[in-house]
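As structure tokens, the structure follows; a few thoughts come after it.
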Amino acid sequence: MTTEYQTLLATDQWQQKRQQILKRDDYKCCCCNSTQNLQIHHRQYHFVKASDSKQKPWEYKSRYLITLCVKCHQRGHELFKVPFFNV
Ligand SMILES: [Zn+2]
Ligand SMILES: [Zn+2]
7 MTTEYQTLLA TDQWQQKRQQ ILKRDDYKCC CCNSTQNLQI HHRQYHFVKA SDSKQKPWEY
67 KSRYLITLCV KCHQRGHELF KVPFFNV
């Protein structure tokens, strides 16, 4: 599972989406304003019933994505479980 997800994150589609979000958020962590080790966090995950598969990381609307540094990202995942929605 993890490997599959990492493969998805290495795609051009994701790299483009990622750049778009980083730019929107001014290349800063939305939590602590750090500019180091930035990652993109999905606020929710979607399961597409029509195609019986998880939505691709780059198919999410930008409002579901947020820039976080690796520390805030890890802490966020320890504190909160990302909700899963059927779409
Ligand atoms: Zn941070
Ligand atoms: Zn995350």
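The opening residue of the sequence shown carries number 7 in the numbering used here; numbering runs sequentially from there.
Even for Gly, the Cβ is constructed at its ideal location relative to N, Cα and C.
Considering only residues of the same chain and omitting the five flanking positions on each side of His52, which have a CB-CB separation below 6 Å?
By one-based count along the sequence shown, residue 52 stands at place 46. If we look at His52 and ignore the five residues flanking it on each side, its Cβ neighbours are Gln61, Phe91 and Val93.
Where does Lys23 land, buried or exposed, given buried means 16+ other C-beta within 10 angstroms?
By 1-based counting over the sequence shown, the position of residue 23 is 17. It counts as buried.
Which two residues bound the contiguous alpha helix (DSSP H) that contains Tyr76?
The sequence position of residue 76 within the sequence shown is 70, counting from 1. In the sequence as presented, Tyr is not what sits at residue 76; that position holds Val. Going by DSSP, Val76 is part of the alpha helix (DSSP H) stretching over Val76 to Leu85.
Any C-beta of chain C sitting closer than 8 Å to the C-beta of Leu44?
Annotation note: the requested chain C is absent from the structure, which comprises a single protein chain.
Below 6 Å from a heavy atom of ligand 1 - residues by beta-carbon:
Result (chain order): Cys35, Cys37, Cys38, Ser40, Leu74, Cys75, Lys77 and Cys78.
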